[in-house]
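To keep things clear, I will list the structure first and then write my remarks on it.
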Amino acid sequence: MTPDPAPTIRQLLAFYLEAGVDCALAEEPVNRLADPDIVPAASEPALPKPVRTAPVAIPVARADAPPAPEAAISSAREAARTAPSLEALRALLEKFDGCALKHTATRLVFADGNPQARVMFVGEAPGRDEDIEGLPFVGRSGKLLDRMMSAIGLDRSQAYIANVIPWRPPGNRTPTPQETQICLPFIQRQIELVNPDVLVTLGNPSTQTLLSTREGIMRTRGKWFDYDTGTRVIRALATFHPAYLLRSPSYKRMAWQDLRSIAKVLEQAPPSS
Numbered sequence: 000m001t002p003d004p005a006p007t008i009r010q011l012l013a014f015y016l017e018a019g020v021d022c023a024l025a026e027e028p029v030n031r032l033a034d035p036d037i038v039p040a041a042s043e044p045a046l047p048k049p050v051r052t053a054p055v056a057i058p059v060a061r062a063d064a065p066p067a068p069e070a071a072i073s074s075a076r077e078a079a080r081t082a083p084s085l086e087a088l089r090a091l092l093e094k095f096d097g098c099a100l101k102h103t104a105t106r107l108v109f110a111d112g113n114p115q116a117r118v119m120f121v122g123e124a125p126g127r128d129e130d131i132e133g134l135p136f137v138g139r140s141g142k143l144l145d146r147m148m149s150a151i152g153l154d155r156s157q158a159y160i161a162n163v164i165p166w167r168p169p170g171n172r173t174p175t176p177q178e179t180q181i182c183l184p185f186i187q188r189q190i191e192l193v194n195p196d197v198l199v200t201l202g203n204p205s206t207q208t209l210l211s212t213r214e215g216i217m218r219t220r221g222k223w224f225d226y227d228t229g230t231r232v233i234r235a236l237a238t239f240h241p242a243y244l245l246r247s248p249s250y251k252r253m254a255w256q257d258l259r260s261i262a263k264v265l266e267q268a269p270p271s272s
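In structure tokens form, the structure reads like this:
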């Protein structure tokens, strides 16, 4: 039987990309399969390995082990509640170790735009470009969001942009429900501190998380909700995520209707004090 030919570099890179490996975490590659106890150094003769007795398993708590999900959620709620400003909230997130995504991401992606803006856009989680630059919506979907805002006379100096999850999930995978619940208190406090007149949830995950609905984006988009921060009720509207519109451009017409609805509310509603 003829063995399969060895894959080419291009084929290997394509495999890594499909597996979610799209950026390097260090300058030099590390062979994590190498075992120094099995593979002796070339300059030293191989020595017989001593006979070892079965070790006794002793549980050792890792200093950097993340807390249990329930404890992490409780810690996030308490920390977010104490943040008096956006700067303090960002500092708390920089120090927060309750979400494992922090340890695989390159940097925190907190927000972009004007904290005094009347409209706030919230997506789900950062992607590769956002993880590199530390800003939300800077890749292809970010450019489309810029065009969407421009269509109703807005730009990043007149809007505030954030995500429910402030760290990129590995390989752009979907955040787990636990990860979402751990990060939820921080984005809720962020919305409360920005205090916009209009909250726009981009895509199904952020809509279901923030607006407490189980319906899909096809049913929720274009509908107005009341988002209660505890101190004020904010008008909220769900629409498609720009990344979804890039994959399904036929829905841009519906998104344009949602944008017009946002512009109309901004024109009619007096600015909050």
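Here the sequence shown stands for residues 0 to 272, where the numbers follow numbering that gives the first Met the number 0.
C-beta atoms are modelled at their ideal positions from N, C-alpha and C, and glycine is treated no differently.
- Residue 141: member of the alpha helix (DSSP H) spanning 139-149, first to last residue.
- Listed in chain order, the non-local C-beta contacts of residue 250 below 8 Å within the same chain comprise 239, 243 and 244, local neighbours out to five positions each way being set aside.
- Distance from the CA atom of residue 153 to the CA atom of residue 6, rounded to whole angstroms, is 49 Å.
- Secondary structure at residue 76: helix, using DSSP grouped into helix, strand and coil.
- Under the criterion of beta carbons closer than 8 Å, residue 75 and residue 224 do not qualify as touching, at roughly 24 Å.
- Distance from the Cα of residue 180 is smallest, within the candidate group 206, 189, 142 and 98, for 98.
- If you check the CB distance, residue 133 and residue 100 do not come in under 8 Å.
- Around the C-beta of residue 227, fewer than 16 other C-beta atoms lie within 10 Å, and the residue is accordingly described as exposed.
- In the three-state DSSP reduction, residue 238 falls in the strand class (E or B).
- Under the three-state reduction of DSSP, residue 166 is assigned to coil, being neither helix nor strand.
- Secondary structure at residue 81: coil, using DSSP grouped into helix, strand and coil.
- When the Cα atoms are used, residue 78 and residue 189 turn out to be separated by approximately 12 Å.
- Put simply, the region 117-137 does not touch the region 79-95. Fewer than three CB pairs are less than 8 Å apart.
- Among the bridge pairs identified by DSSP, residue 198 is matched with 119 and 235.
- Between residue 159 and residue 116, the CB-CB gap stays under 8 Å.
- Residue 194 and residue 233 have their C-alpha atoms roughly 8 Å apart.
- Taking the Cα positions, residue 161 is about 47 Å away from residue 4.
- Classified as exposed, residue 267 has fewer than 16 neighbouring CB atoms from the shown chains inside 10 Å of its CB.
- With fewer than 16 other Cβ atoms from the protein chains shown falling within 10 Å of its own Cβ, residue 69 counts as exposed.
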